[in-house]
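For reference, the structure is listed below as structure tokens.
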Amino acid sequence: MLILVIVVVLIAYKRKSRESDLTLKRLQMQMDNLESRVALECKEAFAELQTDIHELTSDLDGAGIPFLDYRTYTMRVLFPGIEEHPVLRDLEVPGYRQEQVEKGLKLFGQLINNKVYLLCFIRTLEAQRGFSMRDRGNVASLIMTVLQSKLEYATDVLKHLLSDLIDRNLESKNHPKLLLRRTESVAEKMLTNWFTFLLYKFLKECAGEPLFSLFCAIKQQMEKGPIDSITGEARYSLSEDKLIRQQIDYKTLVVNCIHPENEKSPEIQVKVLNCDTISQVKEKILDAIYKNIPHSHRLKASDMDLEWRQGRGQRMILQDEDITTKIEADWKRLNMLSHYQVPDNAVMALVPKQVTAYNSVNNSTVSRTSASKYENMIKYSGSPDSLRSRTPMITPDLESGVKVWHLVKNHEHGDQKEGDRGSKMVSEIYLTRLLATKGTLQKFVDDLFETIFSTAHRGSALPLAIKYMFDFLDEQADKHNIHDPHVRHTWKSNCLPLRFWVNVIKNRAASPTPACPWWRRPSWTPAPRLSTGWAKTLRPTSCFMPRTSPATKAGWKGKQTTH
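Residues -19 to -1, 1 to 544 (mature numbering (1 follows the signal peptide of the UniProt record, and there is no 0)) make up the sequence shown, in order.
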């Protein structure tokens, strides 16, 4: 009996030991596999971006900069988000009130030109409890619109308002460095608008080029690798939060594109990825075709279909979602070029979007039998119109609970497969690629900052309006016995970089160029009848600084200030 027990124990121990060995070997294999993937990822990230800086530079050299005209640029800063502001069109009033309203506007215009009244008017408005931050911004923009042709007077009013703001800030025992930090007064918004008027020429002649180059460089660099159209995560991201944290197999394809407005013109070669969605491919094609044309003057991707033209007259419409879209476990994946097995050097064309019977049916549950029929039909050789009419489009059914994904399934959903989680590596693995991406773009960032901030190499190109305002802030600091250089530096940082440059660089609507796909130029069609005449005076200023500026006499190098 004892021998039997010993044998059973030995067998159990042997089995347990064998299971432990197998588990250890499996873990070792996983670790080796992960280590090799990490090494490969780091090697690829380091190697693939070494020469990209030269490619970006050569690609950008021939690109034109589509600047906005002065009126469009200023109105976007003065009244952001408003396509057609009332000041852009003639005032429409009934005929019997026209003379009375016009007389009232002229009288109010005379009052606006009275500095005592205007200052009292602004202070009275700011004293009202219901005068919101948006109201302050609107009043400041309207005043600067009226006074745009009288900048010396507007500058004098602005200086009085800023002086009052500094007095209130110091009397309230607030830290001096908080001055001009937030837009809580009419003066602060007027200061932004003042720089907007006076720095337009500098933007167009100097700063616009490096700013546009930085935008193009970021866009090109991001599009060199996969970008998830749903989550926004990218292989070449500048943010760790938006970095694709798993291996995406992809390859670069070159497609030959036919110009949508002139099919007889030479085909244009465009680099795309086989993991791009159809919408992403359309955007890349439009970017290549309309390279030097403002976005407002080119076709919209949403109005076009992508047509793959094969041999012997075969044509097929490609879409993000159609009857061949794969649905697995409540997850619907957007169609990519690889889904349609598009080869290298394929011929593509953008054609007007067709409204078909399939497009108008809001039904996301399509039988697999129909899908099989469609897959056999896509090789149909016939007229383009007959083929386009057979291209179905699935409208997502929100009630069905089907979730759409592209490259990476949204991490917020808890039903992600364990295998998907296991295929991911910790984000630190991708820091090499993250740093390499930032290093590739560093030159463009340095060029922009060198242009807008440096006085050592480009001092003669900097507008004197900056010197004028900095001198005024120094005078106010002397008046209040503020000799701390850090406080003076903070005032100037809040005045120019924070109130103007951050707005221009970060705010799409305030940028001087409409190149970004989401920047759109508003319509300027004026309505007839009574004219206010204010917005019609919007034109580039003839001087870069009021004639009364102390910087006119001293110049940039005549008086040293803390910048």
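Beta carbons are placed, not taken as given, at the ideal position from N, Cα and C, and that holds for glycine.
A direct Cα-to-Cα measurement between residue 287 and residue 261 gives close to 11 Å. Leaving aside the five residues that flank residue 147 on each side, the residues in its chain whose CB is nearer than 8 Å to its CB run, in chain order, 160, 457 and 461. Residue 333: member of the beta strand (DSSP E) spanning 328 to 333, first to last residue. Counting the other CB atoms within 10 Å of its CB gives residue 423 a total below 16, which places it among the exposed residues. Exclusion of the five residues before and after residue 92 leaves 98, 99 and 102 as the residues of its chain whose Cβ lies within less than 8 Å of its Cβ. Under DSSP, the beta-bridge partners assigned to residue 314 are 386.
In this structure residue 48 is not in contact with residue 213, their Cβ atoms being roughly 28 Å apart against a cut-off of 8 Å. The beta-bridge partner set that DSSP reports for residue 296 consists of 290. The beta carbons of residue 383 and residue 308 sit closer together than 8 Å. Among the bridge pairs identified by DSSP, residue 235 is matched with 252. Inclusion of residue 68 and residue 174 in the CB contact set at 8 Å is not warranted, their separation being larger than that value. In this structure, the alpha-carbon of residue -15 lies about 11 Å from that of residue -8.
Note that the C-beta distance between residue 315 and residue 210 is below 8 Å. Beta-bridge pairing by DSSP links residue 308 to 313. Judged by DSSP in its simplified three-state form, residue 212 adopts coil rather than helix or strand.
Under the 10 Å beta carbon count, residue 55 is surrounded by 16 or more other beta carbons and is classified as buried.
Taking each of 234, 166 and 328 in turn and checking the Cα distance to residue 293, the smallest one comes out for 328. By the 16-neighbour rule on beta-carbons within 10 angstroms, residue 284 is exposed.
Judged by DSSP secondary structure, residue 148 falls within the alpha helix (DSSP H) whose first and last residues are 132 to 152. Following the DSSP letters along the chain, one finds residue 191 inside the alpha helix (DSSP H) bounded by residues 189 to 204. Between the alpha carbons of residue 112 and residue 119 lies a gap of roughly 11 Å. Taken through DSSP and simplified to helix, strand or coil, residue 123 comes out as helix. Sixteen is the threshold: when 16 or more other Cβ atoms of the shown chains lie within 10 Å of the Cβ of residue 205, as they do, the residue is buried. The three-state reading of DSSP puts residue -19 in coil, since its state is none of H, G, I, E or B. Judged by DSSP in its simplified three-state form, residue -10 adopts helix. When DSSP states are grouped into helix, strand and coil, residue 224 belongs to the strand group.
A direct Cα-to-Cα measurement between residue 117 and residue 170 gives close to 8 Å.
C-alpha of residue 139 to C-alpha of residue 168: approximately 6 Å in a straight line.
Nearest Cα to residue 318 within the set 312, 259, 278 and 223: 259. The residues 475 and 479, in chain order, have a CB closer than 8 Å to that of residue 162 in the same chain once the five nearest residues on each side in sequence are set aside. Bridge pairing for residue 258: 317 [DSSP].
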